[in-house]
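Note that my numbering has the sequence shown beginning at 8, numbered continuously upward.
Each residue gets a CB set at the ideal place from its N, CA and C atoms; glycine is no exception.
In what follows, a structure is listed as structure tokens, so that the remarks can point back to it.
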Amino acid sequence: MIAIGCDHGGYELKKEIMKHLTERGIPFKDMGCDSAASCDYPVYAKAVAEEVSGGDCELGILICGTGIGMSMAANKVDGIRAAACSDCFSAKATKEHNNANILCLGARTLGAGLALMLVDTFIDTPFSEDERHIRRISMFS
Ligand code: RB5
8 MIAIGCDHGG YELKKEIMKH LTERGIPFKD MGCDSAASCD YPVYAKAVAE EVSGGDCELG
68 ILICGTGIGM SMAANKVDGI RAAACSDCFS AKATKEHNNA NILCLGARTL GAGLALMLVD
128 TFIDTPFSED ERHIRRISMF S
């Protein structure tokens, strides 16, 4: 299960991503927001991060204008490794090396085509399970 959330800046892109997840048969939980009206992105970052840190969802996707504010806010929640990505190499590497559990996207910096490729790369890439990466991640806290 994937938890997905956005602010007003990411609302339209979130709809594209949810359509894509539905087409791929990947279950998701929409944590809001529910319109393009101005709202506060940390509310939705926390909601998605808590779904992931609590174990109800394996992964999360957060979308705001840049992806940066969402990643900053989500990373305040224990156990969250949120990565703002705008290229497929990073989306792949952050799963393989950092075992990232939330992908953050910028709707004002990415086209929908690239955003969907980033989502697929993030979902489809497994953590490497390499000892050195496990060790480094354990040093985060
Ligand atoms: C909202 O205007 C914008 O600040 C937000 O979507 C995001 O880009 C924050 O990092």
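Residue i, enclosing beta strand (DSSP E) - first and last residue
i	result
residue 89	89 to 91
residue 62	Careful: residue 62 lies outside any beta strand (DSSP E) and carries neither H nor E.
Beta-carbon separation (whole angstroms), residue i vs residue j, contact threshold 8 Å
i	j	result
residue 67	residue 130	11 Å between Cβ atoms; not a contact.
residue 78	residue 98	Their Cβ separation, rounded to whole angstroms, is 13 Å, which puts residue 78 and residue 98 out of contact at 8 Å.
residue 70	residue 114	5 Å
Under 9 Å between C-beta atoms of residue i and residue j
i	j	result
residue 21	residue 37	yes
residue 53	residue 80	yes
residue 74	residue 40	no
residue 108	residue 59	yes
residue 15	residue 43	yes
Near the ligand RB5: residue i beta-carbon under 8 Å from a heavy atom
i	result
residue 75	yes
residue 14	yes
residue 71	yes
Residue i - containing alpha helix (DSSP H), residue span
i	result
residue 76	75 to 81
residue 28	18 to 31
residue 122	119 to 131
Taking three-plus beta-carbon pairs below 8 Å as touching, is the stretch 113 to 130 in contact with the stretch 18 to 30?
These segments touch.
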